[in-house]
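A.B. asks:
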Amino acid sequence: MSQAAPVPAQRRPITAGRAILLVLIVGVLLVPIPGFRTPQTHNIVIDASQFEFSPARLTVNRGDIVQVTLTASDVVHGFFLDGYGIDFRVEPGTSQEFTFTADRSGKFRYRCSVACGALHPFMIGELVVGPNELVWRASALAAVAVGAMLLHARKRPSA
Ligand SMILES: [Cu+2]
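Using our numbering, the first residue of the sequence shown is number 5, and each one after it goes up by one.
(1) One question on the structure: do residue 118 and residue 81 come within less than 9 Å of each other, judged by their Cβ atoms?
(2) Looking at C-beta atoms only, is the number of pairs between the region 45–59 and the region 127–134 that lie closer than 8 Å three or more?
(3) Quick check: what's the CA-CA separation for residue 131 versus residue 77?
(4) Given 8 Å as the limit, tell me if residue 121 has its C-beta closer than that to any heavy atom belonging to ligand 1.
(5) Can you check which of these residues, 31, 84, 136, is closest to residue 67 by C-alpha distance?
(6) With DSSP as the reference, identify every bridge partner of residue 52, one or two as the case may be.
(7) I'd like to confirm the pairing. Which residues does DSSP put opposite residue 90 in its beta bridges?
(8) Cβ of residue 50 less than 9 Å from any chain C Cβ?
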């Protein structure tokens with residue numbers, strides 16, 4: 005009887021698939037994503053007038069610090085930001101400054117909170133808080149993982 009040769013400790017060969025997976029993971033973790041930086045500070049002047057805010061749309065990333073200088077160019081106006089509980093009032097010719105951290109992703113309306121005339125209910129703006137870089141990287145990593153699992157499952161011979 006011949007003894008079976010001992011099976012050598014398995015060395016996992018680096019296959020092309022594994023190499024590609026490794027490159028993808030490193031890429032997802034390290035490649036800079038255009039448009040994303042560490043949290044920024046935005047200095048924004050918002051002018052309120054009958055019956056609009058200027059600008060009427062703000063776009064920031066989650067985690068950014070937003071420093072607002074609110075001015076009113078005709079009558080008394082207010083600035084109420086949904087979801088953030090921010091409400092300020094500004095007299096014409098003066099300014100009101102406030103700062104907040106955009107710590108919630110999504111779209112939030114800001115509206116005038118002082119009855120300033122006939123079209124006051126339509127005095128609305130929008131704050132868009134995009135997801136931050138960490139969310140994008142985590143999503144991309146999850147996508148790579150799912151892709152790798154699907155490929156692996158496909159390669160396996162069915163029992
Ligand atoms: Cu108003």
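By construction, the Cβ of each residue, glycine as well, lies at the ideal position given by its N, Cα and C atoms.
Bear in mind the structure is a predicted one, so any value in this text is a computation, not a measurement.
C.D. replies: On the basis of the supplied data:
(1) yes
(2) Touching, yes.
(3) C-alpha separation (whole angstroms): 21 Å.
(4) yes
(5) 136
(6) Bridge partners of residue 52: 57, 76.
(7) 85
(8) Included in the structure is just one protein chain, with no chain C present.
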